[in-house]
Amino acid sequence: MLAHRLTSVRRLSRVGLLAVHSTRSSVGMFSMRSFSKIVVDNPVVELDGDEMTRIIWKKIREELILPYLQLDIKYYDLGLEHRDATDDKVTVDAAEAILKHSVGIKCATITPDEARVEEFKLKSMWKSPNGTIRNILGGTVFREPIILTSVPRPVPGWTKPIVIGRHAFGDQYRSTDFVAPGPGKIQLVYTPKDGGKPTTMDVYDFKGPGVAMAMYNTDDSIRGFAHTSFKMALSKKLPLYMSTKNTILKKYDGRFKDIFQEIYDKEYKSQFEAAGLWYEHRLIDDMVAQAIKSSGGFVWACKNYDGDVQSDVLAQGFGSLGMMTSELITPDGKTMESEAAHGTVTRHYREHQKGKETSTNPVASIFAWTRGLKFRAQLDKNERLKQWCDDLEAACVEVIDKDGVMTKDLALAIHGKDMKREHWVITNEYMDAVKAKLDERLKARGQ
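Right under this line is the structure:
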């Protein structure tokens, strides 16, 4: 093994100062002698995270990304300690950097609850960084399974991909909730900005303690959600379904239904029909039942909360939450943020802290990098970068499906109670196998 030449990575330090760090990576003899780094003309924004995923993230960057790409990375540390140190300003700064540079690539992060506030001695119970970023960027979060042939699916009928589009703005995630301490009246008041007469609506007259919540959305955001959903369906060559509970929330969910239909009829119907596709609105309960009975092969546009829940159902139905991509795309198609769909894998991190080996599935985190870089390639018209991303994704899948090298979660899905230690490898061993497979593919391509 020869040491790869130093690669500079521009990053923000934990105290928020701009610094330059050098990363030394080792690659195989093949890579050193014959692979010329792919030049990426424009930057990407990297958002670091927490716990086990942070450790895996660093290994991905150092061993699977930097040895192959000449890449300017704008680094933001979204680890919980640094968010606390900056009063969460780093999260806003990172989102604004994504708007500036068009591509964000994010590691999983902790959203603190009461226990985390105590554990980290936080100044405040900071809001979800994902929610903050999504509300700044707008757009729709699309989640899609990474399909393996060797891993049985809990929903065996799903033979074709299902892409869930989650509206990434408002609703419960920007709501105001309230604990009523005793008897009293809850009212909703709308005050027109033009000085018109306020409208007051009685919500509930409490006879004792209870809870209340107010939430909102905007026509502009719903329209953006509709446009990104229709465009995604056309790009994937799949029909589109949109689900609400408009029979109960006649005005709130009815607004989603009406705007989608209006935009479809005016701007997309002819394109869908020419492609042999269709669009339908369905009630959420009916859509869930139909999805389970289906063979897959559609895009499903969900409101914010529905998409949060159903995307996890989708991931598990295809085999593993560790095998799911997540991409936030803005309505104009010019900005995206990619991330893994899972959390920070706290249980494995506790084992790691004890010095024990862990078998954490890194595939979704690797795909967070490749999907972000693919979008960069699309914007820059960089065909070599796109092909390299395809090769890395294929290497991740081939190592599992063809070579039988996988982490414990996938081995458990295959072998169940008969799983033995020889059926799975630790995270580092899996990633080493992916790197070897990637080099093999690049060599076969003559690179």
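Per UniProt numbering, the sequence shown starts with residue 1, numbered consecutively.
The C-beta atom is built at its ideal place from N, Cα and C for all residues, glycine as well.
Everything numeric in this text was worked out from a predicted model, so none of it was measured.
Check the DSSP bridge columns for residue i and list the partner residues they point to.
{"i": "V163", "result": "V299"}
{"i": "P145", "result": "M324"}
{"i": "residue 485", "result": "Since the first and last residues shown for the chain are 1 and 447, residue 485 lies out of range."}
{"i": "R282", "result": "S243"}
{"i": "I38", "result": "L69"}
{"i": "E46", "result": "Y75, I105"}
{"i": "M201", "result": "L188"}
{"i": "I329", "result": "T140, M336"}
When the Cα of residue i is compared with those of the options, which residue comes out closest?
{"i": "A340", "options": "S320, R350, K334", "result": "S320"}
{"i": "T244", "options": "G317, N217, D87, K303", "result": "K303"}
{"i": "K293", "options": "K160, V309, A368, D258", "result": "K160"}
{"i": "E96", "options": "I65, G138, E114", "result": "G138"}
{"i": "L438", "options": "I426, T370, K417, K408", "result": "T370"}
{"i": "L64", "options": "L392, E440, A275", "result": "L392"}
{"i": "K408", "options": "V363, F375, P239, P198", "result": "V363"}
{"i": "G157", "options": "A436, S295, E383", "result": "S295"}
{"i": "V211", "options": "D202, A226, G182, K417", "result": "G182"}
{"i": "R143", "options": "V299, T335, L379", "result": "V299"}
{"i": "D432", "options": "R421, M406, E422", "result": "M406"}
{"i": "N361", "options": "V40, A413, P331", "result": "A413"}
{"i": "V203", "options": "M215, I400, S359", "result": "M215"}
{"i": "V103", "options": "T335, G208, Y252", "result": "T335"}
{"i": "D332", "options": "H227, A444, D84, Q271", "result": "H227"}
{"i": "I98", "options": "Y75, I146, R350, T176", "result": "Y75"}
{"i": "K37", "options": "K123, Q172, L234, P67", "result": "P67"}
For residue i, count neighbouring Cβ atoms within 10 angstroms of its own Cβ and tell me buried if that reaches 16, exposed if not.
{"i": "Y190", "result": "exposed"}
{"i": "F178", "result": "exposed"}
{"i": "H415", "result": "exposed"}
{"i": "E357", "result": "exposed"}
{"i": "I248", "result": "exposed"}
{"i": "E337", "result": "buried"}
{"i": "E51", "result": "buried"}
{"i": "D205", "result": "exposed"}
{"i": "V434", "result": "buried"}
{"i": "N42", "result": "exposed"}
{"i": "I110", "result": "buried"}
{"i": "R61", "result": "buried"}
{"i": "R376", "result": "buried"}
{"i": "P112", "result": "buried"}
{"i": "M201", "result": "exposed"}
{"i": "L188", "result": "exposed"}
{"i": "M125", "result": "exposed"}
{"i": "S326", "result": "buried"}
{"i": "D194", "result": "exposed"}
{"i": "V155", "result": "buried"}
Is DSSP giving residue i helix, strand or coil here?
{"i": "H342", "result": "coil"}
{"i": "A180", "result": "strand"}
{"i": "A212", "result": "strand"}
{"i": "G404", "result": "coil"}
{"i": "E393", "result": "helix"}
{"i": "E262", "result": "helix"}
{"i": "L385", "result": "helix"}
{"i": "E337", "result": "strand"}
{"i": "L78", "result": "coil"}
{"i": "T360", "result": "coil"}
{"i": "V151", "result": "coil"}
{"i": "K106", "result": "strand"}
{"i": "I426", "result": "coil"}
{"i": "K374", "result": "helix"}
{"i": "K127", "result": "coil"}
{"i": "N217", "result": "coil"}
{"i": "F120", "result": "helix"}
{"i": "G157", "result": "coil"}
{"i": "K100", "result": "helix"}
{"i": "I248", "result": "coil"}
{"i": "F169", "result": "coil"}
{"i": "T111", "result": "coil"}
{"i": "S175", "result": "coil"}
{"i": "R445", "result": "coil"}
{"i": "A275", "result": "coil"}
{"i": "T23", "result": "Annotation note: pLDDT 35 at T23 (below 50); position unreliable, coordinate value reported separately. T23 falls in the strand class under three-state DSSP."}
Is residue i near the ligand COA, judged by its Cβ being under 6 Å from some heavy atom?
{"i": "R445", "result": "Absent from the structure shown: the ligand COA. Ligands present: none."}
Kindly indicate if chain C contains any beta-carbon less than 7 Å away from that of residue i.
{"i": "T344", "result": "Checking the listed chains, one finds no chain C in this structure; it contains a single protein chain."}
Cβ contact check for the stretch 207-223 and the stretch 286-299: 3 or more pairs under 8 Å:
no
Looking at C-beta atoms only, is the number of pairs between the stretch 339-353 and the stretch 380-388 that lie closer than 8 Å three or more?
no
The stretch 125-134 touching the stretch 261-277, judged by at least three CB pairs closer than 8 Å
no
Between the stretch 162-177 and the stretch 305-325, can you find at least three pairs of beta-carbon atoms closer than 8 Å?
yes
Examine the Cβ distances between the stretch 272-284 and the stretch 370-381 and report whether three or more of them are shorter than 8 Å.
no
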